[in-house]
Amino acid sequence: MRSMRRRSFLKNTVSAAAVSSLPASLALAQSSGVSPSAKVVVVHGKDLAKMLDAGIAKLGGWGAFIKPAMRVTIKPNIAWSSAPEQGANTHPSLVKACVLAAEAHGAAKISIPENTCHPEKQTFKLSGVEEALKGTKAKLYRPAKDDYQKVEIAKGKTVKTANVPKDIVACDCLINMPVAKCHSATGLTLSMKNWMGSVSNEDRRGWHRDGLHQCIADFSTFIKPKLIVIDASRILLTKGPQGPGELGHPDEIILSTDPVAADAYAATLFKKEPFDIGYIKLAHEMGIGCGDLKLIHIERIEA
Amino acid sequence: MFTRRNAIRLLLFAAFALLALGYVPESCRRWSVALPALSPLLSLGGACASGAFSLLTLAALPLLVLPLFLGRFFCWNLCPMGFLAQTVSRLNKRNAGLIRKVPSVGHVLAVVIVASALAGYPLLIWADPLCIFNGFFAAWRHPFAAASAVTAIGFIGILLASLVAPNIWCQRLCPLGGLEDVISQARTLRKPPKDAAALAENVRLRRRTFLSFFGGYFTAYAYGLFDKKAQRAHLIRPPGAHSRGFNALCARCGNCIKACPYNLIVPDLGSSDIDGLFTPTLKFRSQNPEQEQFCFQTCTACTHVCPTGAIRALKTEEKLQTAIGVAHIDKKKCIAWEKGEYCVVCQEFCPYQAVLEEDHKNVKCPTVDERKCRGCGACESQCPAQPIAIVVEGLNPQPHIATPAPSLKSQLNP
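Chains as they are written, first to last, in our numbering: chain A, 1 to 303; chain B, 304 to 717.
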């Protein structure tokens with residue numbers, strides 16, 4: 001069943017010419033001289049729900065990602081007990097829009113496991129996400145010990161195993177939905193860095209000890225989200241990741257199926273070269289995706 | 304056995320036990336303070352010593368007034384500890400008369416507690432039965448730990464004593480019973496004794512009360528001199544902890560331990576001084592490897608449940624400006640300073656932006672701004688260094704931090 005789904009998913013996304021997976025990029029590369037190997041959709045606007053729908057339409061529509069009876073897992077960044085307008089967490093409206101879309105497309109189960117930095121009760125409440133998800137079937141929770149599963153990171157250079165919430169390992173559609181903001185240790189926190197909010201605290205601490213950028217890149221050799229949506233409606237420019245700090249207002253969301261490409265574009269919002277961010281450079285070199293802006297097709301739309 | 308009176312006592316006992324256990328709706332949590340506060344020794348004695356009079360102090364009134372009219376009505380009808388002690392006493396019929404030879408220590412204890420409270424250091428208030436009862440049940444709410452079990456010593460002690468010498472607790476040892484007795488004796492003071500034996504007894508009673516009072520007062524005074532001089536170990540106390548004579552003021556009732564949503568507060572097992580045994584102290588991750596929480600910015604749970612005023616009730620704004628300790632970085636252990644890793648997790652987690660960064664060999668390294676640090680332990684809770692490089696040291700008295708906490712908007716009313 002699962003492999004069938006995966007195949008049909010691949011077919012759909014390839015036909016939408018929206019993935020950086022090898023066959024697609026090769027096909028493109030052969031057809032023209034210099035051709036993009038990844039696609040990023042940047043939606044500018046004010047209404048996050050509308051923006052999300054418009055962006056998804058450019059990637060082949062929700063049907064390309066979510067099919068009836070699928071188990072959908074969403075990974076927003078809801079780490080801190082901080083209000084939506086402070087930009088430390090993914091905006092609740094964006095999470096809600098995604099959950100509603102998943103429900104509309106027949107998802108059987110919608111999980112949002114989040115290993116918050118602040119106590120989960122205050123974090124889920126203050127972030128506005130708990131309130132936004134009221135009445136939906138999404139399950140927002142902080143994974144307990146039993147909710148984790150140890151996985152092998154076969155291609156990891158430093159990270160060989162990690163404890164990941166079961167709902168992230170065993171799902172049919174994984175959506176990474178970080179907020180873009182500056183970060184004290186890594187410079188920026190974008191989509192690949194967002195997985196640090198999934199793994200266990202022990203892993204998290206280990207990654208800091210063992211070379212943070214390499215560990216983040218290593219984990220992305222394992223974790224394969226079907227869709228990346230970066231919330232850049234407002235971005236924390238200083239005092240990240242917790243804030244409060246200075247805010248920028250790009251009023252954008254960034255959609256892609258290539259985490260490296262999505263992060264590379266998002267870095268430019270902070271006036272940074274993507275390859276100055278260690279984990280973007282490493283991920284590009286390891287072939288996880290394309291971080292070279294010259295090779296990324298950026299499609300801008302208004303919504 | 305199963306009279307209506309006993310049934311009512313059993314129900315009361317169960318209600319008190321549930322309250323002490325904390326199995327009450329979240330909104331009624333604060334009521335768990337009500338049980339120990341009923342004892343005037345705790346609420347009024349504590350208020351006299353700490354100067355923190357509050358609404359809670361009024362809870363002392365019923366047991367101050369009741370004995371004037373009904374003697375030890377509370378002891379024989381309402382007290383949950385008394386119910387248990389009296390029930391256990393019935394099991395031993397042979398030694399029923401044993402306590403006749405025992406002097407009434409309870410009277411002395413009651414007077415000593417009152418006198419020492421007036422001197423500013425209420426000695427022995429931990430012998431209060433409501434406090435012992437509350438502490439015992441409070442201990443069982445957390446996963447079983449040796450530290451919680453120790454607070455049950457008094458409780459088990461009372462039951463064992465009652466088994467060996469029936470009614471010894473209620474009739475001879477209990478300081479609250481002693482207090483009730485002393486107050487009810489005031490009724491008879493006006494009536495002149497009729498015979499010589501009663502007169503002699505009266506004189507003896509007064510002499511004992513007088514001696515206990517001044518004994519207690521001066522002992523407390525001497526204790527106060529010692530307390531000021533002693534170099535106290537730097538335990539991290541709950542926010543709002545009284546700076547002077549905390550060890551005397553704390554009744555070990557376990558309320559604050561139970562109130563902490565993050566299980567940070569534990570009874571101290573003598574890591575400071577002998578008189579600080581079982582007082583509440585916060586243990587962050589460096590002292591409790593399982594602990595990954597910190598004293599959350601807007602949480603004031605432990606400050607609203609202290610019956611004696613050893614911990615003052617704090618408003619959220621006050622809590623945000625109270626430092627319970629200060630973080631220190633050991634650069635030799637820090638992976639940024641020592642190994643050049645990109646870390647500064649301490650800075651990432653600090654809710655008060657009190658961890659500053661310094662450039663060292665092109666790597667951001669942390670330093671602590673002591674003017675902003677509240678000692679909440681957020682940095683310590685996730686420090687990846689092995690052993691932990693940033694550790695909070697307790698501060699007494701707890702300094703007021705003038706720099707406002709950042710993001711007040713998001714911090715208030717979670």
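Cβ atoms here follow ideal geometry from the backbone N, Cα and C, with glycine treated the same way. Here the structure is a predicted model, which is why all the values come from computation and not from measurement.
Out of curiosity, what's the CA-to-CA distance linking R6 (chain A) and A102 (chain A)?
-> The residue labelled residue 6 (chain A) in the question sits at position 6 within the first sequence. The residue labelled residue 102 (chain A) in the question sits at position 102 within the first sequence. With a pLDDT of only 49 at R6 (chain A), under the threshold of 50, the placement of this residue in the model should not be trusted; the figure read from the coordinates follows. One C-alpha to the other measures close to 17 Å.
Local Cβ density within 10 Å of S546 (chain B), reported as buried at 16 or more and exposed below that = As a first step, residue 546 (chain B) is located in the second sequence; it is residue number 243 there, counting from the start. Exposed.
First through last residue of the beta strand (DSSP E) which encompasses V569 (chain B) | In the second sequence, counting from the first residue as 1, residue 569 (chain B) sits at position 266. Unbroken beta strand (DSSP E) run through V569 (chain B): 568-570.
Exposed or buried, which one is D662 (chain B) when buried takes at least 16 other CB atoms within 10 Å?
-> Position 359 of the second sequence, counted from the first residue, corresponds to residue 662 (chain B). Result: exposed.
Distance CB(R475 (chain B))-CB(I402 (chain B)) smaller than 8 Å | On the second sequence, position 172 is the one that residue 475 (chain B) refers to. On the second sequence, position 99 is the one that residue 402 (chain B) refers to. Contact: yes.
Chain B within 8 Å of Q242 (chain A), Cβ atoms only = As a working mapping, residue 242 (chain A) is identified with position 242 in the first sequence. With 8 Å as the cut-off, Q242 (chain A) counts as an interface residue toward chain B.
Taking C173 (chain A) as the query, report the chain B residues whose CB atoms sit under 7 Å from its CB, ordered along the chain.
-> The count along the first sequence starts at 1 and reaches residue 173 (chain A) at position 173. Under the 7 Å cutoff, chain B gives no residues; its nearest Cβ is about 30 Å from C173 (chain A).
Inter-residue Cα distance where the pair is K137 (chain A) and I110 (chain A) | Locating residue 137 (chain A) in the first sequence gives position 137, where the first residue counts as 1. Locating residue 110 (chain A) in the first sequence gives position 110, where the first residue counts as 1. Per the coordinates, the alpha-carbon of K137 (chain A) lies some 7 Å from the alpha-carbon of I110 (chain A).
Comparing alpha-carbon positions, which option in B:D431, B:I435, B:P328, B:S353 lies nearest P343 (chain B)?
-> If you number the second sequence from 1, residue 343 (chain B) lands on position 40. When the alpha-carbon of P343 (chain B) is set against those of B:D431, B:I435, B:P328, B:S353, the nearest one is in B:D431.
Run down chain B in chain order and give the residues with a C-beta less than 8 Å from the C-beta of P119 (chain A).
-> On the first sequence, residue 119 (chain A) is found 119 positions in, with the first residue counted as 1. Against chain B, a Cβ distance below 8 Å from P119 (chain A) picks out P564, Y565, Q596, F599.
Between the C-alpha atoms of G156 (chain A) and K675 (chain B), what's the straight-line distance to the nearest angstrom?
-> Numbered from its first residue, the first sequence carries residue 156 (chain A) at position 156. Numbered from its first residue, the second sequence carries residue 675 (chain B) at position 372. Counting only the Cα atoms, K675 (chain B) lies some 40 Å from G156 (chain A).
Closest by CA to N176 (chain A), which one among A:I223, A:Q149, A:G187, A:R142?
-> Start at 1 with the first residue of the first sequence, and residue 176 (chain A) comes out as number 176. Nearest of A:I223, A:Q149, A:G187, A:R142 to N176 (chain A), Cα basis: A:I223.
Touching or not, the stretch 664-679 of chain B and the stretch 510-517 of chain B, by the rule of three or more beta carbon pairs under 8 Å?
-> The stretch 510-517 of chain B and the stretch 664-679 of chain B do not touch, with fewer than three beta-carbon pairs separated by less than 8 Å.
So with Cβ pairs under 8 Å, would you call F652 (chain B) a contact of chain A?
-> As a working note, residue 652 (chain B) is residue 349 in the second sequence. Nearest CB-CB separation between F652 (chain B) and chain A: below the 8 Å threshold.
Closer than 7 Å, Cβ to any Cβ of chain A: which residues of the stretch 680-695 of chain B, in chain order?
-> Contact residues of the stretch 680-695 of chain B toward chain A are Q685, P687 (C-beta to C-beta distance below 7 Å).
Quick one: which residues of the stretch 166-190 of chain A get their C-beta closer than 9 Å to a C-beta of chain B? List them in chain order.
-> Within the stretch 166-190 of chain A, the residues whose Cβ lies closer than 9 Å to some Cβ of chain B are H183, S184, A185, T186, G187, listed in chain order.
For G548 (chain B) versus G423 (chain B), is the C-beta spacing smaller than 8 Å?
-> Translated into the one-based positions of the second sequence, residue 548 (chain B) becomes position 245. Translated into the one-based positions of the second sequence, residue 423 (chain B) becomes position 120. Going by C-beta atoms, G548 (chain B) is nearer than 8 Å to G423 (chain B).
What does R209 (chain A) touch in chain B if you count any residue whose Cβ is under 9 Å from its own?
-> As a working mapping, residue 209 (chain A) is identified with position 209 in the first sequence. The contacting residues are I638, K642, E644, C646, P687, A688, Q689.
Short Cβ contact (8 Å threshold) for G348 (chain B) with I428 (chain B) = The residue labelled residue 348 (chain B) in the question sits at position 45 within the second sequence. The residue labelled residue 428 (chain B) in the question sits at position 125 within the second sequence. Against a cut-off of 8 Å, the Cβ pair of I428 (chain B) and G348 (chain B) comes out as a contact.
Is there a Cβ from chain B that is less than 8 Å from the Cβ of S21 (chain A)?
-> Looking up residue 21 (chain A) in the first sequence gives position 21. Confidence at S21 (chain A) is low in this model, with a pLDDT of 41, below 50, so its placement is unreliable and no value can be given for it.
Give me the Cα-Cα distance between Q242 (chain A) and I298 (chain A), rounded to the nearest whole angstrom.
-> Your numbering for residue 242 (chain A) matches position 242 in the first sequence. Your numbering for residue 298 (chain A) matches position 298 in the first sequence. Roughly 30 Å between the two C-alpha positions.
S25 (chain A): buried (16+ other C-beta within 10 angstroms of its C-beta) or exposed?
-> As a first step, residue 25 (chain A) is located in the first sequence; it is residue number 25 there, counting from the start. With a pLDDT of 41 at S25 (chain A), under the threshold of 50, the predicted position of this residue should be treated as unreliable, though the coordinate-derived value follows. Burial call: buried.
Note the first and the last residue of the continuous alpha helix (DSSP H) segment covering H410 (chain B).
-> In the second sequence, the residue the question calls residue 410 (chain B) occupies position 107. H410 (chain B) -> alpha helix (DSSP H) spans 408-421.
Cβ of K396 (chain B) within 8 Å of any chain A Cβ = As a first step, residue 396 (chain B) must be located in the second sequence, where it is residue number 93. Taking Cβ atoms only, chain A never reaches closer than 8 Å to K396 (chain B), which makes this a no.
Nearest CA to the CA of P270 (chain B): which residue from B:K396, B:L341, B:L367, B:G409?
-> Only positions 304 to 717 of chain B appear in the structure, and residue 270 (chain B) is not among them; the question remains open.
List the residues that DSSP assigns as beta-bridge partners of L514 (chain B).
-> Against the second sequence, residue 514 (chain B) aligns to sequence position 211. Paired residues: none, contrary to the question.
Among A:R234, A:T123, A:A185, which residue has its Cα nearest to the Cα of C668 (chain B)?
-> Position 365 of the second sequence, counting from 1, holds the residue named residue 668 (chain B). Looking at the Cα atoms, A:A185 is the closest of the given residues.
Counting Cβ pairs, one atom from each stretch, are 3 or more of them under 8 Å apart for the stretch 317-335 of chain B and the stretch 65-73 of chain A?
-> Taking one beta carbon from each stretch, the stretch 317-335 of chain B and the stretch 65-73 of chain A have fewer than 3 pairs nearer than 8 Å; the two do not touch.
Jot down the residue ranges of each uninterrupted alpha helix (DSSP H) in the stretch 330-398 of chain B, minimum 4 residues, whole runs only, in chain order.
-> Counting only runs of 4 or more, we get 337-340, 343-353, 364-373, 376-380, 383-392.
Can you tell me the Cβ-Cβ gap for Y279 (chain A) and H213 (chain A), rounded? I've got them flagged as a contact below 8 Å.
-> If you number the first sequence from 1, residue 279 (chain A) lands on position 279. If you number the first sequence from 1, residue 213 (chain A) lands on position 213. The pair is a contact, with the Cβ atoms about 4 Å apart (cut-off 8 Å).
List the residues of chain B that N201 (chain A) touches, going by C-beta distances under 8 Å, in chain order.
-> Locating residue 201 (chain A) in the first sequence gives position 201, counting from the first residue. Within chain B, E595, Q685 have C-beta atoms less than 8 Å from the C-beta of N201 (chain A), given in sequence order.
Every unbroken beta strand (DSSP E) within the stretch 116-160 of chain A, with a cutoff of 3 residues, ordered by chain | For the stretch 116-160 of chain A, whole beta strand (DSSP E) runs of length 3 or above, ordered along the chain, are 138-141, 148-152.
With 8 Å as the limit, tell me which residues of the stretch 650-674 of chain B have their beta carbon closer than that to any beta carbon of chain A; keep them in chain order.
-> In summary, the residues of the stretch 650-674 of chain B whose CB is separated from some CB of chain A by less than 8 Å are Q650, E651, F652, C653, P654, Q656, E660, K667, in the order they occur in the chain.
With distances taken Cα to Cα, identify the nearest neighbour of A310 (chain B) among B:G579, B:V336, B:N380.
-> Numbered from its first residue, the second sequence carries residue 310 (chain B) at position 7. Between A310 (chain B) and the set B:G579, B:V336, B:N380, the nearest pair of CA atoms involves B:N380.
Residue span of the beta strand (DSSP E) that contains L694 (chain B), given as start and end = Taking the second sequence and counting its residues from 1, the one referred to as residue 694 (chain B) is at position 391. According to the sequence shown, residue 694 (chain B) is Val rather than Leu. Looking at the DSSP string, the run of the beta strand (DSSP E) that includes V694 (chain B) is 693-697.
Are the CB atoms of E302 (chain A) and G45 (chain A) nearer to each other than 8 Å?
-> Residue mapping note: residue 302 (chain A) aligns to position 302 of the first sequence, counting from 1. Residue mapping note: residue 45 (chain A) aligns to position 45 of the first sequence, counting from 1. It is a contact, given that the beta carbons lie within the stated cut-off.
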